[in-house]
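All residue numbers for the sequence shown refer to our numbering, where the first residue is 6 and numbers rise by one. Every residue, glycine too, gets a C-beta built ideally from N, C-alpha and C. Before any comments, here is the structure.
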Amino acid sequence: MPEQFDFDVIIIGSGFGGSVSALRLTEKGYKVAVLEAGARFEDDDFADNSWDVKKYLFRPEIGCYGIQRIDALKDCMIVAGAGVGGGSLVYANTLYEPLDAFYQDPSWSHITDWKSELAPYYDQAKRMLGVVENPLRTPADDVMKQVAEGMGVGDTFHPTPVGVFFGGPGETHHDTVKDPFFGGAGPDRVPCRACGECMTGCRHNSKNTLVKNYLYLAEAKGARVMPLTTVTRITPLDGAAG
Numbered sequence: 006m007p008e009q010f011d012f013d014v015i016i017i018g019s020g021f022g023g024s025v026s027a028l029r030l031t032e033k034g035y036k037v038a039v040l041e042a043g044a045r046f047e048d049d050d051f052a053d054n055s056w057d058v059k060k061y062l063f064r065p066e067i068g069c070y071g072i073q074r075i076d077a078l079k080d081c082m083i084v085a086g087a088g089v090g091g092g093s094l095v096y097a098n099t100l101y102e103p104l105d106a107f108y109q110d111p112s113w114s115h116i117t118d119w120k121s122e123l124a125p126y127y128d129q130a131k132r133m134l135g136v137v138e139n140p141l142r143t144p145a146d147d148v149m150k151q152v153a154e155g156m157g158v159g160d161t162f163h164p165t166p167v168g169v170f171f172g173g174p175g176e177t178h179h180d181t182v183k184d185p186f187f188g189g190a191g192p193d194r195v196p197c198r199a200c201g202e203c204m205t206g207c208r209h210n211s212k213n214t215l216v217k218n219y220l221y222l223a224e225a226k227g228a229r230v231m232p233l234t235t236v237t238r239i240t241p242l243d244g245a246a247g
């Protein structure tokens with residue numbers, strides 16, 4: 006008689022790895038649970054700025070359940086995201102593809118033509134994450150361009166590819182726009198207001214965090230996300246190692 010389990014698959018973490026896995030597995034009909042150490046946030050829950058430590062930092066031992074996890078190791082500091090959506094809540098929206106030098110690294114270049122092999126998956130990820138070139142240009146950008154030109158590398162200056170909803174023609178941050186990415190299956194969105202709060206948590210429904218795409222769709226298909234749930238160990242059922 007087969008053993009009975011609550012879920013077919015349990016995913017630890019709801020960031021860029023866990024959320025993609027959650028959606029694709031639910032699409033295949035699996036019962037999926039996602040365990041996340043951090044909290045679940047509504048847009049209004051995020052800190053106004055990084056000085057609001059209780060809302061910004063993730064240090065449960067002192068009552069902080071924000072989105073920025075900082076861990077000090079012996080030789081380095083690890084900065085990561087916390088909360089449903091993982092690092093997408095706190096990262097700076099930038100979504101670059103690797104340069105050719107990455108694909109040509111001798112450690113793996115002999116295996117296959119990785120650039121061609123991975124191209125359709127980068128295209129899919131860009132579509133899911135709503136990647137566009139940043140249309141905003143500020144005086145700081147002009148200075149960077151001037152510096153690049155002064156160094157003789159002006160041709161390398163270009164708008165950053167970002168996962169942000171800027172709206173369509175005539176749409177402003179005063180408008181709520183019906184799901185612009187997934188044919189009505191995703192959430193309504195609001196165009197970016199260029200407030201610069203991307204890394205403290207977007208409070209305006211403009212940043213394409215994972216709760217606006219992969220996780221949203223996964224939960225709609227039945228995946229169960231469990232916030233404030235920390236995994237301390239994994240024990241094989243038969244007692245074997247690994």
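Which residues mark the beginning and the end of the beta strand (DSSP E) in which residue 147 is found?
Where residue 147 is concerned, there is no enclosing beta strand (DSSP E), although the alpha helix (DSSP H) it sits in stretches over 144-155.
Quick check on residue 214: buried or exposed, where buried means 16 or more other Cβ atoms within 10 Å of its Cβ?
buried
By the DSSP assignment, the beta strand (DSSP E) with residue 167 in it spans what residues?
166-168
Excluding the five sequence neighbours on either side, which residues of its own chain have a C-beta within less than 6 Å of the C-beta of residue 16, listed in chain order?
23, 26, 27 and 39
Can you check DSSP and say which residues form a bridge with residue 219?
Residue 219 pairs with nothing; no bridge assigned.
Thinking C-beta only, is residue 199 closer than 8 Å to residue 141?
yes
Go ahead and pull the three-state DSSP assignment for residue 199.
Annotated three-state conformation of residue 199 is coil, per DSSP.
Please state whether DSSP places residue 83 in a helix, a strand or coil.
strand
Indicate the three-state DSSP secondary structure (helix, strand or coil) for residue 29 in the structure shown.
helix
For residue 70, I'd like the list of residues in its chain whose CB is within less than 6 Å of its CB, leaving aside the five on either flank, ordered along the chain.
44
Please confirm if the stretch 160-170 is in contact with the stretch 204-219, defined as three or more CB-CB distances below 8 Å between the two stretches.
yes
By the DSSP assignment, the alpha helix (DSSP H) with residue 129 in it spans what residues?
Taken as a continuous stretch (DSSP letters only), the alpha helix (DSSP H) holding residue 129 covers 119-134.
Once the 5 residues before and after residue 84 are set aside, which same chain residues still bring their CB inside 6 Å of it?
75
In the DSSP assignment, the beta strand (DSSP E) including residue 105 goes from what residue to what residue?
No beta strand (DSSP E) contains residue 105, which is instead part of the alpha helix (DSSP H) from 105-108.
Leaving aside the five residues before and after residue 82 along the sequence, list all residues of the same chain whose C-beta is less than 8 Å from its C-beta, in chain order.
75 and 76
With 16 as the cutoff for other CB atoms within 10 Å, does residue 210 come out buried or exposed?
buried
Distance check for residue 203 and residue 41, CA to CA, integer angstroms please.
21 Å
Cα-Cα separation, residue 193 to residue 224:
If I take the Cα positions, the gap works out to 16 Å.
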